[in-house]
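**Q** Residue numbers (the numbering used here): 4 to 439.
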C-alpha cells in the first residue's frame, strides 16, 4: 500500500459536493413530564426521567428481578431484537439469554479483564436449566488487540470445540469484544447466531446496538468488518460497578453525542446531572443507558447500513477521533477520549462555518470537561497526520471527504462534504497548536 495511491488532501476537500450530502437531522420532540429526584442529601440538580419516542418499543417488566427492567426494541422486521436494561440480569435472569439461543452450543468470547469478574456468572446463567453446552475463549484486553490475528483465536476455539451452524457466539465485554465477536460470528461457517452482553458504558450505550462489527487495520480503525445484528442485547448495569473511572468517562462521550445530534433534552439533562453519572448513581446510569439505546435504536431502524446519512450522524466527532486513535497508536487513548476531542473539533469547525453559535461551541467543550474527558489532541498529531488519516475515513465517498457537523440549534446536525476546506485547515491548525 502507498499513500500515493490515495487522492490528495486537496482533491478530497476541493471536489464538488455530492448531491444530497447535506441533509440536516434534528432532535425528536415529545415526552410527558417526568418525575424528578434530588441527591441523597436533598441537594444538587434534579434528576429527570423521560419516556421513549417514535416507533421504538420501550416497556417495563416488573418480573422477579431485583429492580424494574426496561426493554428497548430495535425494529428491523424479522431481524428485530430486544435490548434489556436493568440490574441483576446476569445473576437472576438467565432466561433472558437462554430464550434467544436457538441451538444447544454457546461460545462465550471475553477478555482477560472481564473473565475473572463475570465469566462464571454468565456460564451459570446459561447452564441453569441444563440445555446448553458452554465453551469460552479469553482474549487479551485492549484496542491494540483488535486485529485479525487475535480474532483467529475465536475461530480456532470454535473449530476445536466443533461448533456447528446452530451455535451462538456470545460477546461478554466492552466494545472491542463485541465488535470482534460479531465479526467472528458473521464469518464462521458463513454466519452463526450472535448475542451481546456489554459490560462497559461505551458498549451499553452504543457499540452493542446496531450490528457494526469488525477489527482495525494499521491504516484505519474498523476498516475490516460487517453489518451483523445480534439476537439480543443484555445490559446488566451491575457490571458497570467494576468499570474504572477512565472507562466510565469514555462511555459518557457517546451519550453526549446523542444529545448534540438529535436529543436536546438529553444534553440539557447531562449538563445538570453529570455529577450523578460520575458518582455512578444507579437511577441516573439506568436512564442514560436507556435514553441512549432508544436514540440508537431509532437511528438503526431508519438506516441500518448507513445508506441515507441518518446513521452517519452517529459519527459526530469520529472522523477526527478515529484519526487520533490511529495516529496516536491503538490503545493510547480510549475510543471515547478520542471521540471527545473529535467532537469538540467538529463543533469548532461548525462554529467557524457559521452553522452554530458560540454558546453551543462553549457548551460542547464544557460538558466534555465536566465528564473529565480530554478536549485537545495528543502531541503526536499534526495537521498533515490528521489529513492523511482522515483521507481514508469510511465516510469518504467518490473521493470526497464528508464530515458530521453541528448545524442550527442544539439537536441538529449535518452530514456533508460542503464545508470550507480553509475553515477545516484553521480548525486543525488551532487544535494542533494547543496539543496536550
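By construction, the Cβ of each residue, glycine as well, lies at the ideal position given by its N, Cα and C atoms.
The structure presented is a predicted model; accordingly, all values stated were derived computationally and were not measured.
Across which residues does DSSP place residue 138 in a beta bridge pair?
**A** Answer is 110, bridged to residue 138.
**Q** Counting C-beta neighbours from all protein chains within 10 Å, is the total for residue 371 16 or more, i.e. buried, or is it exposed?
**A** Its Cβ being crowded by 16 or more others within 10 Å, residue 371 is buried.
**Q** Rounded to the nearest angstrom, what separates residue 428 and residue 408 at their Cα positions?
**A** Cα to Cα, residue 428 sits roughly 15 Å from residue 408.
**Q** Counting Cβ pairs, one atom from each stretch, are 3 or more of them under 8 Å apart for the region 317 to 330 and the region 267 to 277?
**A** Short answer: they don't touch.
**Q** Look up residue 174 in the DSSP assignment and give the residues it is bridged to.
**A** 112, 199, per the DSSP bridge assignment.
**Q** Looking only at its chain, what residues have a beta carbon closer than 6 Å to the beta carbon of residue 138, apart from the 5 residues adjacent to it on each side?
**A** So the qualifying residues of the chain are 110, 164.
**Q** Name the two residues that bound the continuous alpha helix (DSSP H) containing residue 290.
**A** 285 to 305 is the span of the alpha helix (DSSP H), which, as asked, contains residue 290.
**Q** Looking at the secondary structure, which residues open and close the alpha helix (DSSP H) in which residue 160 lies?
**A** Counting along the chain, the alpha helix (DSSP H) containing residue 160 begins and ends at 151 to 163.
**Q** Tell me the DSSP secondary structure of residue 229 in three-state form.
**A** Strand, per DSSP.
**Q** What residue from 83, 142, 125 has the CA that sits closest to residue 97's CA?
**A** Among 83, 142, 125, the Cα nearest to that of residue 97 belongs to 125.
**Q** Using the three-state DSSP reduction, which class does residue 333 fall into: helix, strand or coil?
**A** Coil at residue 333, not helix or strand.
**Q** Among 289, 180, 187, which residue has its Cα nearest to the Cα of residue 168?
**A** That would be 187, whose Cα lies nearest to the Cα of residue 168.
**Q** Buried or exposed for residue 436, please, with buried defined as at least 16 other CB atoms from any protein chain shown within 10 angstroms of its CB.
**A** Burial call: exposed.
**Q** Please confirm whether residue 383 has its beta-carbon closer than 8 Å to some beta-carbon of chain C.
**A** In summary, chain C is missing from the structure at hand, where a single protein chain is found.
**Q** So, at 7 Å on beta carbons, what are the nonlocal neighbours of residue 121 in its own chain, with the 5 sequence-adjacent residues on each side left out?
**A** If we look at residue 121 and ignore the five residues flanking it on each side, its Cβ neighbours are 93, 175, 202, 242.
**Q** Which residue from 294, 305, 108, 285 puts its Cα closest to that of residue 80?
**A** Considering only alpha carbons, the answer is 305.
**Q** Given that a residue counts as buried once 16 or more other Cβ atoms are within 10 Å of its Cβ, and exposed if not, what is residue 311?
**A** Flag for residue 311 reads exposed.
**Q** Once the 5 residues before and after residue 430 are set aside, which same chain residues still bring their CB inside 7 Å of it?
**A** Counting only Cβ-Cβ distances below 7 Å, and skipping sequence neighbours, we find 348, 351, 352, 355.
**Q** My understanding is that residue 145 touches residue 208, with C-beta atoms under 8 Å, so please give their C-beta distance in whole angstroms.
**A** Residue 145 to residue 208, Cβ: 20 Å. No contact.
**Q** Rounded to whole angstroms, how far is the Cβ of residue 190 from the Cβ of residue 87, which I believe are closer than 8 Å?
**A** So it is not a contact: roughly 27 Å between Cβ atoms.
**Q** Tell me which same chain residues have a C-beta within less than 6 Å of the C-beta of residue 13, skipping the five on either side of it?
**A** With a pLDDT of 45 at residue 13, under the threshold of 50, the predicted position of this residue should be treated as unreliable, though the coordinate-derived value follows. Taken in chain order, the list of residues that qualify is empty.
**Q** From 73, 394, 375, 331, pick the residue whose C-alpha is nearest to that of residue 237; which is it?
**A** Closest option to residue 237, Cα to Cα, is 73.
**Q** Could you give the DSSP three-state label for residue 144: helix, strand or coil?
**A** Here residue 144 sits in coil by DSSP.
**Q** Determine whether the beta carbon atoms of residue 182 and residue 210 lie at a separation below 8 Å.
**A** It is a contact, given that the beta carbons lie within the stated cut-off.
**Q** Do residue 367 and residue 346 have their C-beta atoms within less than 8 Å of each other?
**A** Closer than 8 Å, so yes.
**Q** Tell me which residue opens and which closes the alpha helix (DSSP H) that residue 365 is part of.
**A** Unbroken alpha helix (DSSP H) run through residue 365: 361 to 373.
**Q** For residue 286, is the classification buried or exposed, using 16 other Cβ atoms within 10 angstroms of its Cβ as the cut-off for buried?
**A** The residue is exposed, with fewer than 16 neighbouring Cβ atoms inside 10 Å.
**Q** Whose C-alpha, out of 154, 377, 297, is nearest the C-alpha of residue 266?
**A** Per the Cα distances, 297.
**Q** Hey, quick one: how far does the alpha helix (DSSP H) through residue 261 stretch, first residue to last?
**A** From DSSP, the alpha helix (DSSP H) with residue 261 extends over 248 to 264.
**Q** Expressed to the nearest angstrom, what Euclidean distance is found between the alpha-carbon atoms of residue 419 and residue 405?
**A** The straight-line gap from Cα to Cα measures roughly 5 Å.
**Q** Give me, in chain order, the residues of the same chain whose beta-carbon lies closer than 7 Å to that of residue 246; leave out the 5 immediate sequence neighbours on both sides.
**A** So the qualifying residues of the chain are 203, 204.
**Q** State the beta-bridge partners of residue 239 as determined by DSSP.
**A** 89, per the DSSP bridge assignment.
**Q** Which word fits residue 71, buried or exposed, when buried means at least 16 other C-beta atoms lie within 10 angstroms of its C-beta?
**A** By the 10 Å Cβ count, residue 71 comes out exposed.
**Q** Identify the residues that DSSP records as bridge partners of residue 395: which are they?
**A** In DSSP, residue 395 forms no bridge with anything.
**Q** Can you tell me which of the three DSSP states residue 311 falls into?
**A** Residue 311 falls in the coil class under three-state DSSP.
**Q** Could you tell me whether any non-hydrogen atom of the ligand SAM is closer than 7 Å to the CB of residue 119?
**A** By its list of ligands, the structure shown contains no ligand whatsoever, and the ligand SAM lies outside what it can speak to.
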